[in-house]
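Residue 1686 in my numbering sits at position 795 of the sequence shown; the count goes up by one each step and never skips. Built from N, CA and C at the ideal position, the CB exists for glycine as well. One structure below.
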Amino acid sequence: MFVYLSKKISIPNNYRLNCIAWNQKDGYIAVGGEDGLLKVLRVDSNVSGSHSGGKSRGLAAASNLSMNQPLEGHNGHVQVVTWNEEHQKLTSSDQNGVIIVWMLYKGSWYEEMINNRNKSVVRGMAWSCDGQKICIVYEDGAVIVGSVDGNRIWGKELKNVSLSAVQWSPDGKFLLFGLKSGELHLYNNQGTFLMKLNIPSLNTSLHQTIVALQWYDGRNGYVAMDCPTLAICYRNGRILLMRDTSDDNPVMMETGLTASWCDWNSCGSVLAVTGMMPLLTNGETKDMNVIQFYTPFGEHMRTLKIPGREVTCCTWEKGSLRVALSVDSHIYFANIRLDYKWTYFSNTVVFTNEKVGKDGTCVTFWNTSSNTCCTKYVRSLISIASCGEHCVLSVRNDPAQVTEQFALLVCNTIATPIDSKFLDLEPLYLTITANMVVAASKNNFLVWNFRAPRNSTLHPSRMRKYKIYHVDETPTGVTEVIQDLDKDGSFETPISTKATMDPICCVYATDKVLLVGRDSGMIQRYSLPQITLVNRYNTACRLHRLAINCDSTRVSILDANGILTMLDLDSQKAPDSRDTDTSEDITKFERKDVWAMCWARDNPSLLAIMEKTRMYVLRGLDPEEPIACSGYICSFQDLEIRCVLLDDLMLMSDDMRKDLIVDLEVKSLRDTRELLAKVGLKETNNFIQDNPHPRLWRLLAESALTKLDLETAENAMVRCTDYLGIQFIKRLQNVHNDQLKKAEVAAFLGNYDEAEKLYLDMDRRDLAVALRQKLGDYFRVVQLMKMGIGGSDKQMEHAYNKIGDHFAERQNWENAKEYYEKGRNLERLIQCYYKLEDFVQLAATVDQLPDKSPILKTVARMLASVGMCPQAVAAYIKYGDVKLAVDTCVRLNHWDQAVDLAKTYKMAQIGELLSKYANHLLSNGKRLQAIELYKKANYNLEAAKLLLRLAEEQARSKSHPLRVKKIYVLAALLIEDHINSVPAIKGGRSNVVMGLSESNEDTRIIENAWRGAEAYHFLLLAHRQLYDGSFDAAMKTALRLRDYEDILEVEDIYCLLALSSAVNHAFATCSKAFIKLEGLETISEAKKEEYEELAVDIFTKHTPKDSRNNKAECVNCETLVPDWCITCPNCSTRFPACIVSGKPLMDLSIAWICTVCRHHVATERDVVNINACPLCHSTVTYM
892 MFVYLSKKIS
902 IPNNYRLNCI
912 AWNQKDGYIA
922 VGGEDGLLKV
932 LRVDSNVSGS
942 HSGGKSRGLA
952 AASNLSMNQP
962 LEGHNGHVQV
972 VTWNEEHQKL
982 TSSDQNGVII
992 VWMLYKGSWY
1002 EEMINNRNKS
1012 VVRGMAWSCD
1022 GQKICIVYED
1032 GAVIVGSVDG
1042 NRIWGKELKN
1052 VSLSAVQWSP
1062 DGKFLLFGLK
1072 SGELHLYNNQ
1082 GTFLMKLNIP
1092 SLNTSLHQTI
1102 VALQWYDGRN
1112 GYVAMDCPTL
1122 AICYRNGRIL
1132 LMRDTSDDNP
1142 VMMETGLTAS
1152 WCDWNSCGSV
1162 LAVTGMMPLL
1172 TNGETKDMNV
1182 IQFYTPFGEH
1192 MRTLKIPGRE
1202 VTCCTWEKGS
1212 LRVALSVDSH
1222 IYFANIRLDY
1232 KWTYFSNTVV
1242 FTNEKVGKDG
1252 TCVTFWNTSS
1262 NTCCTKYVRS
1272 LISIASCGEH
1282 CVLSVRNDPA
1292 QVTEQFALLV
1302 CNTIATPIDS
1312 KFLDLEPLYL
1322 TITANMVVAA
1332 SKNNFLVWNF
1342 RAPRNSTLHP
1352 SRMRKYKIYH
1362 VDETPTGVTE
1372 VIQDLDKDGS
1382 FETPISTKAT
1392 MDPICCVYAT
1402 DKVLLVGRDS
1412 GMIQRYSLPQ
1422 ITLVNRYNTA
1432 CRLHRLAINC
1442 DSTRVSILDA
1452 NGILTMLDLD
1462 SQKAPDSRDT
1472 DTSEDITKFE
1482 RKDVWAMCWA
1492 RDNPSLLAIM
1502 EKTRMYVLRG
1512 LDPEEPIACS
1522 GYICSFQDLE
1532 IRCVLLDDLM
1542 LMSDDMRKDL
1552 IVDLEVKSLR
1562 DTRELLAKVG
1572 LKETNNFIQD
1582 NPHPRLWRLL
1592 AESALTKLDL
1602 ETAENAMVRC
1612 TDYLGIQFIK
1622 RLQNVHNDQL
1632 KKAEVAAFLG
1642 NYDEAEKLYL
1652 DMDRRDLAVA
1662 LRQKLGDYFR
1672 VVQLMKMGIG
1682 GSDKQMEHAY
1692 NKIGDHFAER
1702 QNWENAKEYY
1712 EKGRNLERLI
1722 QCYYKLEDFV
1732 QLAATVDQLP
1742 DKSPILKTVA
1752 RMLASVGMCP
1762 QAVAAYIKYG
1772 DVKLAVDTCV
1782 RLNHWDQAVD
1792 LAKTYKMAQI
1802 GELLSKYANH
1812 LLSNGKRLQA
1822 IELYKKANYN
1832 LEAAKLLLRL
1842 AEEQARSKSH
1852 PLRVKKIYVL
1862 AALLIEDHIN
1872 SVPAIKGGRS
1882 NVVMGLSESN
1892 EDTRIIENAW
1902 RGAEAYHFLL
1912 LAHRQLYDGS
1922 FDAAMKTALR
1932 LRDYEDILEV
1942 EDIYCLLALS
1952 SAVNHAFATC
1962 SKAFIKLEGL
1972 ETISEAKKEE
1982 YEELAVDIFT
1992 KHTPKDSRNN
2002 KAECVNCETL
2012 VPDWCITCPN
2022 CSTRFPACIV
2032 SGKPLMDLSI
2042 AWICTVCRHH
2052 VATERDVVNI
2062 NACPLCHSTV
2072 TYM
């Protein structure tokens, strides 16, 4: 950072000032001093920026005193002033203990309330962060806490202590008191003592008065995760920085001052300390007023001398760009130029406000051309540098994620890392060239060849190699040569990490030279790409920053005190080789108060520097007229200096406007413009010959062209090596119409509206149209064509299509569709329909396209991607690719359509493909998908086979019988569908039934299609009848189950039969069932014994004889048979079962038959109240 005094305000009557405070919200400054002096001032500031006055914004803007109001009410010396920023109140106190609260009313400050304890002097006052409470401490130990409305909340007398300072914790829950003895006592906000802060390492500070307590409240974020926020300043200059009151490892530092005050800036990143310091001046040691600046971790940043006898206090402005100091009877303002972490490359500003969030530190990449932003989050940013098209970030890693502590990230303009390097060397200082990064710690520096898209094919032997050097070493380049020749990589040199007595403080590199600056002022020069120590230069300054010009012949040196010097690197040059500067001139050259510098990229003798709020351009060693500017220099090229108003950008990082970028011209460019405007081409030509630069010659050429002085223009074009310009002038010489020449010149210089107007005035609308077509401004092309006869219908359609392309590139598909329709561009319309999800219109375009059109294939692919299979197939058929149509059907699982297409176009491979796909599904255990596949492809018999296997597996696994029945029913229905589909192909249902069209296995499956469903239907029916108490019906149904021993478990059948017949008192049937059970070979002997014992128990009580023996007449042979018989014993006629009751049906003439499964019900009355067939569950309809 750089600090300098910028303004001084004197207090009348030479009243000595004791205190000063700057309102962070409203910008008011309160000062208190002798004899009741209390003033409120306001200095207009443009730090926050405005939309006007680009160059003189920020600190460069003039600051005026807009308020200077004395406040009367104190009689003694005013010693403490503090602001309540939340409620716009000012509190002041004097040596007599009088406390006054002031309020703002209609632009002026008035006394609101007053308090006079009249016992002791006030030593400290502090408002809580929310502005609701104030704590006042007196020297005699009295403490008062009051509210903002003037009510006293509590008071306390601390015995045997003398208080000197007070501060609220950021959350308002604690109060920290500083004692004159140097102790720190912590209380809660109710006045209860909690503890005395134990600071064992600072015992020597006891009996040293605490002059200031400052506790940063964190409202503007933190610069690090664990940064200290509590500053305790002792009179003897010792400062203690703590993270909180329980910090066991605080930062302690010796400032060497007799301190008077300290204060945090608005974001807690800088601590300012004021006081007296003994300094050696002209051989004498004198006490000087100084203000010192420190980081939150105690690192010294800058010291500024202050005139006067005694500095008593300091305070920061909002934005942390100015500090106000009370010195004797004066107020001094010091401007601060912060060292932001930022860089600029390829029209992109990369910066961070260093505030740490939950994701880490946000690094913003702002493209100033497109005004777009990209962000990248890193854990902790150390440094940043850029060159060409890349920048490099040095960051701290999360130790929980990687072993290396640090990393180098090479990024492009959209924050994308293109290469990275993890290392344990702390990269405090960075510089980068087109293909190399140099990172330095205090003791070592690393040279790393990174991989970039452009240089990835260059220098393959050095790609991604890196080497670490110690700053005390003397590399000769031999090691690098050996390593390049060592293909197996076995040659390694040890790396020294010992601490040096003269640490590194800055680095800078070009493609040829690497400079390493050290604290002693020594600059070490190395050659690149082979690292060889070439020279050492001794400078009598503390180095801060280095910069090398574009041809690596001169280096500018900026020291810690803002003094700029020069050093010549090219010792072989002639004495008059650059603006007649001699080496003696360079050694004498010196500029003070410099805080930024930038060499021109295209001229080795031009250097732009910032002195305070003025920019100077040095041509050689001679400065040009200064320009008021407070921006940070981004680049210097083509006699233009680009600056960014970083101060404003940091405050408004969410509102990045292009007016934050300021382009300034050097004097020669400004003079050339003025000469061209006021004098003439000849004088301007002479001036440019004395001050040659391609930009000036180009300016002269453009001016000569506008005046149609082609000879001068051609000469200037040759001087600035503009080949295209020379060709244009030659072409212009063949044009004999001056009006046409002017139009062509206007177009060449980019004044397109003027060129168009000239064309139209000449009635050359065709040339105007051609101009706009070259520019791609087809909106204007259409307007020009509509104005009159300016083009054919084909040209108009071309323009409409170009406008459609314009909207399509911006994803505005609705407008693009409108213009493509006007341009009759069916191919691009298809894309619009697809993007707009207008698939109906997309499908309709198939009819508008001719057969075999390649666009049909694209349309078909689009329709298939959204599942519109029939429409996609139609497009493929029209295109003439049946195979793609079939493949689409297969991919979308439209197998029925695929099969139809295969049959229609006699494609033999569809069956094989279907089989392969089904086998693939089955091998992956996806049986249901395979069944669905066969069903969709109308391979119903194959689907039925899979269902039958599934039913058998379910039956073996003892699944619920109803589920098994449903599977059998579904299989049977598929078989019926298969049977019904055969007549259309092979001649009728009879063929299927007779087995003429199927294999033996298929015939068996077809004939027994409903057996499985019947078996489980009757099993469920028998159980339901048994539980309903219909024992006779249950027994008859169970007798029917004997026909299904190949499907059901035999043991289950006869157990059910034995049970139902026993409860039906048909013990003869029951006895036969037990005989069958006892004769089963599939059950164990123990179970057989159980059945035998149960049979003995039953038949010792009951005779094995049926109690009822109802008979019915066989309709075929008129023989009386038992009503439970399923076959006539005389004529072997088989009686079908009623699927409602399970009874055998002797007479089918009155029976009802299902139209789907063709099973019977005894009478139609039995199905009146049934909505579906009990077996196949098909809907029953009544006429």
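CB of residue i within 9 Å of CB of residue j, strictly
i, j, result
"residue 1007", "residue 990", "yes"
"residue 1147", "residue 1113", "no"
"residue 1777", "residue 1798", "yes"
"residue 1025", "residue 982", "yes"
"residue 1269", "residue 1255", "no"
"residue 2079", "residue 899", "Absent from the structure is residue 2079, since the part of the chain shown begins at 892 and ends at 2074."
"residue 1041", "residue 1004", "yes"
"residue 1922", "residue 1962", "no"
"residue 2082", "residue 1103", "In this structure the chain extends from 892 to 2074, so residue 2082 is not present and cannot be described."
"residue 1272", "residue 1312", "no"
"residue 1325", "residue 1316", "no"
"residue 1846", "residue 1938", "yes"
"residue 1942", "residue 1974", "yes"
"residue 1630", "residue 1615", "no"
"residue 1085", "residue 1077", "yes"
In DSSP terms, what residue i is bridged to
i, result
"residue 1124", "1103, 1130"
"residue 1750", "Per DSSP, none; premise fails for residue 1750."
"residue 2076", "Absent from the structure is residue 2076, since the part of the chain shown begins at 892 and ends at 2074."
"residue 1770", "Looking at the DSSP assignment, residue 1770 forms no beta bridge with any residue, so it has no partner."
"residue 1901", "Answer is none; residue 1901 lacks a bridge partner."
"residue 1204", "1217"
"residue 992", "982, 1004"
"residue 1313", "1298"
"residue 1731", "Answer is none; residue 1731 lacks a bridge partner."
"residue 1358", "1338"
"residue 1048", "1033"
"residue 900", "1222"
"residue 1212", "In the DSSP output, where bridge partners are listed per residue, residue 1212 has none listed."
Supposed close pair residue i, residue j - CB separation, criterion 8 Å
i, j, result
"residue 1409", "residue 1386", "Not a contact, Cβ separation roughly 19 Å."
"residue 1747", "residue 1737", "7 Å"
"residue 1586", "residue 1529", "5 Å"
"residue 954", "residue 922", "No, residue 954 and residue 922 are not in contact; Cβ-Cβ is about 17 Å, not under 8 Å."
"residue 925", "residue 968", "5 Å"
(message) So, does the region 1207 to 1216 touch the region 1281 to 1293, judging by three or more C-beta pairs under 8 Å?
(response) no
(message) At 3 residues or longer, what runs of the beta strand (DSSP E) sit wholly inside the region 1241 to 1285?
(response) 1251 to 1258, 1263 to 1269, 1271 to 1278
(message) For a minimum of 4 consecutive residues, which ranges assigned as the alpha helix (DSSP H) are wholly contained in the region 1575 to 1607?
(response) 1585 to 1597
(request) Report yes or no: do three or more beta-carbon pairs, one from the region 1520 to 1538 and one from the region 1551 to 1560, lie closer than 8 Å? (result) yes
(request) May I have a chain-ordered list of the beta strand (DSSP E) segments no shorter than 3 residues that lie completely inside the region 1439 to 1508? (result) 1445 to 1450, 1455 to 1459, 1485 to 1490, 1497 to 1502
(request) Check whether the region 1779 to 1790 touches the region 1824 to 1835, taking contact to mean three or more Cβ pairs, one atom from each stretch, closer than 8 Å. (result) yes
(request) Would you check if the region 1508 to 1527 and the region 1241 to 1253 touch, i.e. whether three or more CB-CB distances between them fall below 8 Å? (result) no
(request) Entirely within the region 1936 to 2024 and at least 3 residues each: give me those beta strand (DSSP E) ranges in chain order. (result) You should have 2002 to 2004, 2011 to 2013.
(request) Pick out the complete alpha helix (DSSP H) segments inside the region 1625 to 1675, 4 residues or longer, and give them in chain order. (result) With a minimum length of 4 residues, the continuous alpha helix (DSSP H) runs that stay inside the region 1625 to 1675 are 1629 to 1639, 1643 to 1652, 1656 to 1666.
(message) Measuring CB atoms only, is the region 1581 to 1599 touching the region 1535 to 1545, in the sense that at least three cross pairs come out at less than 8 Å?
(response) Three or more beta-carbon pairs separated by less than 8 Å are not found between the region 1581 to 1599 and the region 1535 to 1545, which leaves the two stretches without contact.
(request) State whether the region 1599 to 1610 contacts the region 1558 to 1565, with contact taken as three or more CB pairs (one from each stretch) at a distance under 8 Å. (result) no
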